[in-house]
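**Q** This is the structure, below, for whatever I ask next.
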Amino acid sequence: MQTLTITNCYHCNTPIRSEKEIVFGELKGKTETFCCSGCRSLATLLVENGLTRFYDLRGSETLEPVASERNNRDDLETPSVYQEYVIQKENGIFETLITIGKIHCSACVWLNERVLSERDGVLEVRINFATARMKLVYDRNKVDLNEIFAIIRKIGYEPSLYSPLKAETKVGLFSKDLFLRMALAGFSWGNIMLFSIGLYAGYFTGIEIEFKRLFHYVSWIFATPVYLYSGYPFYKGAIESIKRRMLSMDTLLFLGVSLAYFYSVYVTLSDKGEVYFDSVCTIYFFILIGKFLESAIRLKAGRKIGELLSTLPEEYTVLRDDVERSVSPNKIQTDDLILLKNGNRVPVDGILRSATAYFDESFLTGESKPVTRKEGESILSGALCLSSNVRMSASTTAKESTLARISSLIESSLQTKPSIQRTTDRFSTYFIQVVFLIAVATFSIFGFYYGTWEAATLNTISVLIVACPCALGLAVPAAYVVSNLLHGSKGILVKNPDSLEILSRADRIYFDKTGTLTLGRLSIQEERFLKQEDPLRIYSILISLESKSTHPLAVGLKKEIEKKLEVLHQTPIPISWKELKEIPGNGIEAVSLNGNQTYRIGNKQFVTYGRDPQDGKIYLGCNREPIVSFSMEDTVRPEARATIQTLTETIPFLGILSGDSKSNVQSLASALHLEHSLYELKPEEKLEEIRKAQNEGHTVVMVGDGINDSACLAAANLGISMGIASDLSIDKSDLVLLSNRLDSLVSAVRISKSTRRIIFQNILISLTYNSIMIPLAAFGFMLPVICAGFMTLSSLSVVLNSISLQWRTKL
1 MQTLTITNCY HCNTPIRSEK EIVFGELKGK TETFCCSGCR SLATLLVENG
51 LTRFYDLRGS ETLEPVASER NNRDDLETPS VYQEYVIQKE NGIFETLITI
101 GKIHCSACVW LNERVLSERD GVLEVRINFA TARMKLVYDR NKVDLNEIFA
151 IIRKIGYEPS LYSPLKAETK VGLFSKDLFL RMALAGFSWG NIMLFSIGLY
201 AGYFTGIEIE FKRLFHYVSW IFATPVYLYS GYPFYKGAIE SIKRRMLSMD
251 TLLFLGVSLA YFYSVYVTLS DKGEVYFDSV CTIYFFILIG KFLESAIRLK
301 AGRKIGELLS TLPEEYTVLR DDVERSVSPN KIQTDDLILL KNGNRVPVDG
351 ILRSATAYFD ESFLTGESKP VTRKEGESIL SGALCLSSNV RMSASTTAKE
401 STLARISSLI ESSLQTKPSI QRTTDRFSTY FIQVVFLIAV ATFSIFGFYY
451 GTWEAATLNT ISVLIVACPC ALGLAVPAAY VVSNLLHGSK GILVKNPDSL
501 EILSRADRIY FDKTGTLTLG RLSIQEERFL KQEDPLRIYS ILISLESKST
551 HPLAVGLKKE IEKKLEVLHQ TPIPISWKEL KEIPGNGIEA VSLNGNQTYR
601 IGNKQFVTYG RDPQDGKIYL GCNREPIVSF SMEDTVRPEA RATIQTLTET
651 IPFLGILSGD SKSNVQSLAS ALHLEHSLYE LKPEEKLEEI RKAQNEGHTV
701 VMVGDGINDS ACLAAANLGI SMGIASDLSI DKSDLVLLSN RLDSLVSAVR
751 ISKSTRRIIF QNILISLTYN SIMIPLAAFG FMLPVICAGF MTLSSLSVVL
801 NSISLQWRTK L
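Residue numbers for the sequence shown follow full-length UniProt numbering, beginning at 1 and rising by one.
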């Protein structure tokens with residue numbers, strides 16, 4: 001009969017409480033124990049496919065047992081699922097967000113990413129541990145959602161589709177277990193300190209041996225459950241690290257606490273020396289508080305969208321076919337007429353159909369004052385309606401709305417650590433190794449050389465406890481959390497975590513002209529027909545062409561023509577095209593249905609195929625012959641001059657890269673006191689200018705708006721988009737000024753410089769603390785309990801210094 005000592009499950013690490021629960025399995029010729037057949041099947045799959053690194057990464061974490069595969073799963077390949085949860089990127093390529101249940105640790109993240117990435121058709125998979133949410137890009141021609149979910153369930157996790165309109169965060173991960181361990185340590189610490197006061201007083205003034213012995217035993221009773229239960233995660237982490245022949249913070253911490261605990265047991269039994277049971281409770285209590293705060297810091301950055309979404313009403317009243325219906329936000333369709341009440345959040349992007357209404361757009365733009373919207377103006381999702389009985393028509397669905405796009409951008413930004421944090425993480429690894437060597441040297445010198453084993457033990461405990469890289473580990477993320485909150489308050493969306501570091505050292509900023517330094521609100525100053533044509537037909541052609549573009553010039557001209565027709569009480573003629581395309585930096589080209597006519601709208605050189613030079617006007621032409629020209633005048637942003645003046649104090653080079661005419665660009669540059677301006681540039685010429693500056697060693701920032709800026713935004717060290725801009729511009733940018741105000745750039749620069757300064761201060765605090773405290777501890781000038789206090793103080797100093805960023809940054 002086969003007998004085996006009761007142990008933990010090989011796969012999930014859950015304790016097996018009786019022999020009846022044991023499931024045996026063979027892994028590479030060795031018998032292992034499992035808590036269920038599901039864990040055995042998954043362990044066999046991992047070992048046979050060479051994925052054993054999962055267990056190295058799992059360490060001491062206890063996972064949930066693998067549930068048996070349930071039948072009758074819902075079919076995910078349905079139109080309703082794709083309408084609500086999935087975004088089509090291009091032909092056959094789709095993107096979705098999936099919440100992964102039972103994500104416990106980095107091993108879970110690694111396993112899901114590794115297994116799914118090996119499946120043919122999965123193009124990208126990234127999991128954010130803080131929210132347990134996965135971004136998945138896949139080719140539907142090769143793999144579908146049902147197969148992906150089956151793979152995730154097969155390896156022991158529970159997937160569920162996530163919609164940006166459903167407030168959901170990974171709140172409470174291990175919170176109950178962590179809270180209980182922290183509460184026990186705190187309770188024992190509070191009680192044991194009462195006895196420690198008596199012991200410390202007796203150390204200086206004298207104490208009877210009976211009372212001293214009683215205090216020792218009572219302290220032992222309180223410290224033991226803390227050592228065994230509160231310290232269990234650190235014990236398991238240390239054991240796993242030793243098994244993997246690695247050193248971790250758990251190893252240092254557990255060795256230090258264990259030395260303090262067992263030395264105190266020896267003192268209690270022998271009545272020789274002083275006990276340090278209070279140190280055991282103090283260390284674990286403050287470390288567990290730190291873990292709790294760390295979890296809160298990680299989640300805080302991702303909660304802003306979730307908190308807003310949680311305020312969306314469960315149902316909205318929409319008017320369909322003259323019938324009022326109550327529907328959930330994700331069921332709202334394009335062109336639905338939505339009835340908003342005072343206090344409602346706008347669920348989707350839309351067009352106001354009431355005469356006027358007031359909205360609070362502070363969440364999106366950072367502007368606290370309510371804004372007035374008139375009939376026909378756009379309203380962005382997430383805005384708070386401040387008027388009653390407001391009507392708006394939906395121009396997007398919920399998943400295509402501005403709110404959903406911002407949520408998606410934030411999700412993407414949370415996937416990656418900034419480069420400076422990756423550097424500090426690597427440094428922490430080497431730091432732990434150095435500390436361990438110092439601890440070994442301390443014990444050896446005082447024990448073997450001087451022969452003072454009590455001093456050797458205490459000094460070693462002090463070194464292991466005081467040398468905590470927690471402060472170094474918090475130096476970057478704590479500052480970034482506060483920085484993200486400041487950016488959000490100013491209507492700035494950080495897509496790339498490295499944006500702050502890049503912007504803080506930028507020495508060259510290039511601006512696009514139209515829509516960036518100007519408002520993009522154009523008015524026709526002069527209209528001139530160059531051929532005898534029917535104005536209504538030409539206006540209709542122009543509206544048809546410009547309606548396909550999001551460029552400010554195109555939008556402005558289209559609006560002006562529509563106003564002109566409205567005054568004349570005329571309606572545009574519907575125009576259809578055989579082919580229509582936008583050529584970035586030039587204009588739009590369209591071929592008539594019969595193929596005989598090719599219309600172009602843009603600058604004169606573009607319309608005449610290079611025959612005539614540019615003159616700053618917009619032309620509509622047919623078959624290389626101009627038909628009509630427009631002189632358009634744009635309005636300079638009211639905040640542009642003050643913004644440029646402020647930026648010149650910190651950025652040595654500010655310039656314009658524009659495709660506009662020489663006269664327009666130079667006039668604007670003169671008005672804004674910009675010394676550097678380049679004009680009549682094609683997109684590739686703008687790109688060449690940026691790369692030239694980079695080759696000279698400059699850190700280049702590009703600020704733009706519109707599809708013609710996307711290449712420059714991507715090529716610059718840092719790309720910044722104004723407002724929501726075009727989809728392509730947003731995709732290529734690293735920072736988005738949701739407020740659509742240029743002075744937000746000043747705020748972004750100041751926040752980034754302050755954040756960088758705070759990060760280096762945090763790192764300096766950590767390194768200074770360790771460089772002073774470790775030698776003091778090694779030479780016996782600090783007791784372990786004092787070391788625990790200083791260790792906590794160092795982490796607290798870093799957190800408080802990071803929080804000070806809120807009032808030390810002048811905005």
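Where is the CB? At the ideal position from N, CA and C, for every residue including glycine.
Starting from the C-beta of Met702, find all residues in its chain whose C-beta is less than 6 Å away, skip the five residues before and the five after it, and write them out in chain order.
**A** Counting only Cβ-Cβ distances below 6 Å, and skipping sequence neighbours, we find Tyr510, Cys712, Leu713, Ala716 and Gly719.
**Q** Is the stretch 645 to 663 in contact with the stretch 677 to 685, if contact means three or more CB pairs nearer than 8 Å?
**A** Touching, yes.
**Q** Helix, strand or coil for Ile155, going by three-state DSSP, please let me know.
**A** Coil, per DSSP.
**Q** Report the start-end ranges of each beta strand (DSSP E) in the stretch 663 to 691 that is 3 residues or longer and not cut off at the edges.
**A** Here the runs fully enclosed are 676 to 678.
**Q** Classify Val323: buried if its beta carbon has 16 or more other beta carbons within 10 angstroms, exposed otherwise.
**A** It counts as exposed.
**Q** Alpha carbon to alpha carbon, how far is Ser462 from Glu454? Give it in angstroms, no decimals.
**A** If I take the Cα positions, the gap works out to 12 Å.
**Q** With C-beta atoms as the reference, is Ala693 less than 7 Å away from Arg505?
**A** No. Outside cutoff.
**Q** What span of residues does the alpha helix (DSSP H) with Ile763 cover, start to end?
**A** First-last of the alpha helix (DSSP H) with Ile763: Asp743 to Ala778.
**Q** Can you tell me the Cα-Cα spacing of Pro15 and Val226, whole angstroms?
**A** Cα-Cα distance, rounded: 20 Å.
**Q** Which term fits Leu145, buried or exposed, when burial requires 16 or more other beta carbons within 10 angstroms of its beta carbon?
**A** Classification for Leu145: buried.
**Q** So the beta strand (DSSP E) Glu560 belongs to, where does it begin and stop?
**A** Here Glu560 belongs to no beta strand (DSSP E); instead the alpha helix (DSSP H) covers Pro552 to Val567.
**Q** With a threshold of 16 other CB atoms inside 10 Å of the CB of Glu501, please say whether the residue is buried or exposed.
**A** Glu501 should be labelled buried.
**Q** Skipping 5 residues on each side, what residues in its chain have a beta carbon closer than 6 Å to that of Ser188?
**A** Closer than 6 Å at Cβ, skipping near neighbours: Phe222, Val226 and Cys281.
**Q** In chain order, which continuous runs of the beta strand (DSSP E) of length 3 or greater are located wholly inside the stretch 581 to 606?
**A** Taking only runs of at least 3 residues, the beta strand (DSSP E) segments lying wholly in the stretch 581 to 606 are 587 to 591 and 598 to 602.
**Q** Identify which residue in Ala238, Thr251, Gly190 and Glu315 has its Cα closest to the Cα of Phe277.
**A** Among Ala238, Thr251, Gly190 and Glu315, the Cα nearest to that of Phe277 belongs to Gly190.
**Q** Could you say if the stretch 489 to 501 and the stretch 745 to 763 meet the contact criterion of at least three C-beta pairs nearer than 8 Å?
**A** In short, these stretches touch, since the Cβ pair count reaches three.
**Q** Check for me: the alpha helix (DSSP H) holding Leu503 runs from which residue to which?
**A** Run containing Leu503: Ser499 to Ser504, per the alpha helix (DSSP H) assignment.
**Q** Expressed to the nearest angstrom, what Euclidean distance is found between the alpha-carbon atoms of Ser739 and Ser797?
**A** Taking the straight line from one Cα to the other gives about 34 Å.
**Q** Where does the unbroken beta strand (DSSP E) through Ala716 begin, and where does it stop?
**A** Run containing Ala716: none; DSSP gives neither H nor E here.
**Q** Here's the rule: buried if 16 or more other CB atoms are within 10 angstroms of the residue's CB, otherwise exposed. What is Asp115?
**A** Position check: residue 115 holds Val in this sequence, whereas Asp was assumed. Buried.
**Q** Taking the continuous beta strand (DSSP E) assigned at Pro626, which residues delimit it?
**A** Here the beta strand (DSSP E) through Pro626 covers Glu625 to Glu633.
**Q** In terms of residue numbering, what span does the beta strand (DSSP E) encompassing Gly38 cover?
**A** From DSSP, Gly38 is part of no beta strand (DSSP E) but of the alpha helix (DSSP H) over Ser37 to Glu48.
**Q** With DSSP collapsed to three states, give me the class of Leu161.
**A** Reduced to three states, the DSSP call for Leu161 is strand.
**Q** Sorted by chain position, which residues of the same chain lie with C-beta nearer than 8 Å to Arg756's C-beta, five sequence neighbours on each side aside?
**A** Within the same chain, Arg756 has close Cβ partners Leu500, Glu501, Ser504 and Arg505.
**Q** Whole angstroms is fine: what's the gap from Asn664's alpha carbon to Tyr138's?
**A** So the alpha carbons of these two residues sit roughly 46 Å apart.
**Q** Using a Cβ-Cβ cutoff of less than 7 Å, which residues in the same chain neighbour Tyr229 once the five nearest sequence positions on both sides are dropped?
**A** Result list for Tyr229: Arg181 and Leu184, in chain order.
**Q** Taking Cβ positions, are Ile338 and Tyr316 nearer each other than 7 Å?
**A** Going by C-beta atoms, Ile338 is nearer than 7 Å to Tyr316.
**Q** Buried or exposed for Thr518, going by 16 or more other Cβ atoms inside 10 Å?
**A** Counting Cβ neighbours within 10 Å, Thr518 comes out buried, since at least 16 surround it.
**Q** Identify whether Glu69 lies in helix, strand or coil by the three-state DSSP scheme.
**A** Residue placement at Glu69 is poorly supported in this model, since its pLDDT is 46, which falls under 50; the coordinates are not used for a value here.
**Q** Under 8 Å: do the stretch 563 to 582 and the stretch 600 to 620 share three or more Cβ pairs, one atom per stretch?
**A** With a cut-off of 8 Å, the stretch 600 to 620 and the stretch 563 to 582 do not count as touching, because too few Cβ pairs lie within range.
**Q** Let me know if Gly587 comes out buried or exposed under the rule of 16 or more other beta-carbons within 10 Å of its beta-carbon.
**A** It counts as buried.
**Q** Compare the C-beta of Ser188 with all C-beta atoms of chain B and state if any pair is closer than 7 Å.
**A** In the structure shown, chain B does not exist; there is a single protein chain.
**Q** Alpha carbon to alpha carbon, what distance is there between Ser483 and Pro497?
**A** Near 11 Å, if we compare the C-alpha coordinates of Ser483 and Pro497.
**Q** Considering only DSSP beta bridges, list what Asn8 is partnered with.
**A** Partner(s): Pro15.
**Q** Kindly indicate the opening and closing residues of the alpha helix (DSSP H) around Ile541.
**A** Per DSSP, Ile541 belongs to the alpha helix (DSSP H) from Pro535 to Glu546.
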